[in-house]
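J.: Dropping the structure in here first, questions after.
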Amino acid sequence: MTYMTIAIVAGFVLDLIFGDPRWLYHPVRLIGHLISGTERIIRNCLPANKTGERIGGGILVLVVVTVSTGVPAVILSVAYKYFWQLGLALESFWCYQILATKSLKVESDRVYIALKDKGLEAGRKAVSMIVGRDTQNLTEEGVTKAAVETVAENTSDGVIAPLFYMLIGGAVLGFAYKAINTMDSMVGYKNDRYQWFGTAAAKLDDVVNFIPARVSAVLMIAASYLTGMDGKNAARIFRRDRFNHKSPNSAQTEAVMAGALDVQLAGDAWYFGKLHKKPTIGDPVREMELLDIRRSHKLLYGTAMLGLILGIILRILVL
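Numbering (the working numbering), first residue to last: 31 to 349.
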């Protein structure tokens with residue numbers, strides 16, 4: 031077993047134990063500052079038209095990915111060369127920070143606790159911390175659905191996708207993925223400011239998530255069987271509804287989640303005061319209930335564990 035494999039397993043375990051404590055500075059914040067600063071410089075240097083913004087967005091992607099991978103690559107190379115124990119410890123720590131299994135569970139569980147103990151207004155406030163949609167008019171079912179959808183989508187984006195890339199290239203490739211994903215979340219919007227500037231980041235995010243999203247869905251179907259949920263329906267809804275989203279990737283795991291829970295997800299939603307018409311995912315076999323948030327956690331953890339086990343087995347066999 032290589033140092034990289036050990037680091038990935040150690041990072042995965044550390045993430046399950048500690049999650050993302052708020053006092054610990056996260057490297058994604060540094061990537062965010064890099065994105066904001068680079069965007070500011072680029073906009074000052076290029077014309078504010080369609081062509082200029084497309085070129086600027088491409089430059090942003092190139093700079094951010096290069097810096098986000100180059101810096102940790104150099105640091106790890108030096109550490110492993112002169113003191114391998116330090117290299118292993120550092121890569122393990124970075125793998126831990128790149129993954130988001132426990133933090134996804136903790137943040138979505140805050141919605142569950144807020145709704146259960148403090149009521150709808152507290153639930154709306156809690157879910158507004160983890161979703162981009164307008165939450166002020168959501169019903170309890172709407173708040174619950176938003177939290178479950180976040181768990182479904184981020185099981186891929188926050189767990190399986192970074193794990194997939196770390197299994198290929200360690201923490202360095204994991205940082206490459208996080209840089210791309212963070213750029214998409216910051217500039218990949220279809221609004222006046224980012225319609226052209228964010229094109230490169232959004233397209234690249236679709237590309238790098240294409241395989242992981244589908245791997246995540248297959249793993250989640252298996253996890254739905256293992257956790258005693260409706261695995262047969264999860265597979266059926268996945269086949270039927272996995273493209274019911276403008277993104278080629280987002281509905282993959284949402285479809286599995288909806289089928290496994292026997293509920294309906296997605297549908298119309300408000301963003302920045304404007305109603306966005308969206309297709310639904312899944313069938314409303316039953317109404318959503320608060321406990322569905324906790325049930326989604328079982329699929330999150332089951333999918334994550336299967337991803338690690340199968341990934342490590344494949345890595346050992348290949349190497």
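Here a beta-carbon is modelled for each residue, glycine too, at the ideal position from N, C-alpha and C.
If you draw a straight line from the alpha carbon of Val161 to that of Thr180, how long is it in whole angstroms?
T.: Start at 1 with the first residue of the sequence shown, and residue 161 comes out as number 131. Start at 1 with the first residue of the sequence shown, and residue 180 comes out as number 150. Rounded to the nearest angstrom, the two C-alpha atoms are 7 Å apart.
J.: What did DSSP end up calling Ala296 once you bin it into helix, strand or coil?
T.: Here the question's residue 296 lines up with position 266 in the sequence shown. Of the three classes helix, strand and coil, the one that applies to Ala296 here is strand, per DSSP.
J.: Give a yes or no on contact between the segment 119-137 and the segment 91-101, applying the rule of three or more CB pairs nearer than 8 Å.
T.: no
J.: So who's on the other strand from Thr310, going by DSSP bridges?
T.: Locating residue 310 in the sequence shown gives position 280, where the first residue counts as 1. In the DSSP assignment, Thr310 forms a beta bridge with Ala296.
J.: Which runs of the alpha helix (DSSP H) at least 4 residues long sit entirely within the segment 217-279? Give them in chain order.
T.: 229-256 and 261-271
J.: Less than 7 Å between C-beta atoms, sequence neighbours within five positions excluded: which residues of the same chain meet that for Leu193?
T.: Here the question's residue 193 lines up with position 163 in the sequence shown. Closer than 7 Å at Cβ, skipping near neighbours: Leu129, Gly337, Leu338 and Gly341.
J.: Looking at the secondary structure, which residues open and close the alpha helix (DSSP H) in which Asp147 lies?
T.: Along the sequence shown, one-based indexing puts residue 147 at 117. Thr131 to Lys148 is the span of the alpha helix (DSSP H), which, as asked, contains Asp147.
J.: With distances taken between CB atoms, is the gap from Met287 to Ser326 smaller than 8 Å?
T.: On the sequence shown, residue 287 is found 257 positions in, with the first residue counted as 1. On the sequence shown, residue 326 is found 296 positions in, with the first residue counted as 1. Yes.
J.: Does the separation of the CB atoms of Val94 and Ala265 fall below 8 Å?
T.: Taking the sequence shown and counting its residues from 1, the one referred to as residue 94 is at position 64. Taking the sequence shown and counting its residues from 1, the one referred to as residue 265 is at position 235. Not a contact, by the Cβ cut-off of 8 Å.
J.: Could you say if the segment 102-113 and the segment 58-77 meet the contact criterion of at least three C-beta pairs nearer than 8 Å?
T.: With the cut-off at 8 Å, the segment 102-113 and the segment 58-77 do not touch.
J.: Give the straight-line distance between the Cα atoms of Gly188 and Gly82, rounded to the nearest whole angstrom.
T.: As a first step, residue 188 must be located in the sequence shown, where it is residue number 158. As a first step, residue 82 must be located in the sequence shown, where it is residue number 52. Looking at the two C-alpha atoms, the distance is approximately 32 Å.
J.: Give me, in chain order, the residues of the same chain whose beta-carbon lies closer than 7 Å to that of Asp298; leave out the 5 immediate sequence neighbours on both sides.
T.: The residue given as residue 298 occupies position 268 in the sequence shown. The residues Leu305, His306, Lys307 and Lys308, in chain order, have a CB closer than 7 Å to that of Asp298 in the same chain once the five nearest residues on each side in sequence are set aside.
J.: With DSSP collapsed to three states, give me the class of Tyr301.
T.: The count along the sequence shown starts at 1 and reaches residue 301 at position 271. Correct three-state label for Tyr301: strand.
J.: Quick one: what does DSSP say Val178 is sitting in, helix, strand or coil?
T.: In the sequence shown, counting from the first residue as 1, residue 178 sits at position 148. Three-state result, Val178: helix.
J.: Looking only at its own chain, which residues have a Cβ that is under 6 Å from the Cβ of Pro314, when we skip the five neighbours before and after it?
T.: In the sequence shown, residue 314 corresponds to position 284, counting from 1. Within the same chain, Pro314 has close Cβ partners Gln294.
J.: Let me check understanding here. Comparing Cα to Cα, which of Ala290, Cys125, Val238 and Ile198 lies closest to Ala182?
T.: Taking the first residue of the sequence shown as 1, we reach residue 182 at position 152. Among Ala290, Cys125, Val238 and Ile198, the Cα nearest to that of Ala182 is on Ala290.
J.: When you compare each of Gly218, Ala253, Thr333 and Asp45 to Ser277 by their alpha carbons, which one comes out closest?
T.: Within the sequence shown, numbered from 1, the residue matching residue 277 stands at position 247. Per the Cα distances, Gly218.
J.: Check for me: the alpha helix (DSSP H) holding Gly87 runs from which residue to which?
T.: Along the sequence shown, read from residue 1 onward, the residue named residue 87 stands at position 57. Start and end: Lys80 to Tyr112.
J.: Would you check if the distance between the CB atom of Gly87 and the CB atom of Thr212 is smaller than 8 Å?
T.: On the sequence shown, position 57 is the one that residue 87 refers to. On the sequence shown, position 182 is the one that residue 212 refers to. Inclusion of Gly87 and Thr212 in the CB contact set at 8 Å is not warranted, their separation being larger than that value.
J.: Between the Cα of Thr185 and the Cα atoms of Gly200, Ala144 and Pro242, which residue gives the shortest distance?
T.: Indexing the sequence shown from 1 puts residue 185 at position 155. Ranking the options by Cα distance to Thr185, first place goes to Pro242.
J.: CB-CB under 8 Å to Leu330, same chain, minus the five flanking residues each way: which ones, in chain order?
T.: Residue mapping note: residue 330 aligns to position 300 of the sequence shown, counting from 1. Cβ neighbours of Leu330 beyond the five flanking positions: Thr131, Leu134, Lys135, Val181, Thr185 and Val189.
J.: With 16 other CB atoms within 10 Å as the buried threshold, where does Cys125 fall?
T.: Position 95 of the sequence shown, counted from the start, is the residue given in the question as residue 125. Buried, by the Cβ-count rule.
J.: Let me see if you follow: with CB-CB separation under 8 Å, is Val157 close to chain B or not?
T.: Included in the structure is just one protein chain, with no chain B present.
J.: Could you name the residues of the same chain whose beta carbon sits closer than 7 Å to that of Arg1, not counting the 5 residues immediately before and after it, in chain order?
T.: Because the chain here runs from 31 to 349, residue 1 falls outside it and cannot be looked at.
J.: Which term fits Thr283, buried or exposed, when burial requires 16 or more other beta carbons within 10 angstroms of its beta carbon?
T.: Numbered from its first residue, the sequence shown carries residue 283 at position 253. Flag for Thr283 reads buried.
J.: Nearest CA to the CA of Leu320: which residue from Asp45, Val43 and Ala177?
T.: Locating residue 320 in the sequence shown gives position 290, counting from the first residue. When each option's Cα is compared against that of Leu320, the closest is Ala177.
J.: Which of the three DSSP states, helix, strand or coil, is assigned to Gln166?
T.: One-based indexing of the sequence shown puts residue 166 at position 136. Looking at Gln166 - three-state DSSP - the assignment turns out to be coil, as it is neither helix nor strand.
J.: Excluding the 5 residues preceding and the 5 following Val202 in the sequence, name in chain order all residues of the same chain whose CB lies nearer than 8 Å to its CB.
T.: Within the sequence shown, the letter at position 172 stands for residue 202. Here the set comprises Thr99, Pro102, Ala103 and Leu106.
J.: Candidates Arg269, Asp214, Gly332 and Ala232: which alpha carbon is nearest Leu256's?
T.: Taking the first residue of the sequence shown as 1, we reach residue 256 at position 226. Ranking Arg269, Asp214, Gly332 and Ala232 by Cα distance to Leu256 puts Gly332 first.
J.: Look at the alpha carbon of Lys175 and the alpha carbon of Glu317, and state the distance between them as a whole number of angstroms.
T.: Numbered from its first residue, the sequence shown carries residue 175 at position 145. Numbered from its first residue, the sequence shown carries residue 317 at position 287. Spanning the two alpha carbons is a distance of roughly 10 Å.
J.: Is Tyr301 closer than 8 Å to Arg163 when the C-beta atoms are compared?
T.: Along the sequence shown, one-based indexing puts residue 163 at 133. Along the sequence shown, one-based indexing puts residue 301 at 271. Yes, these two residues count as a Cβ contact at 8 Å.
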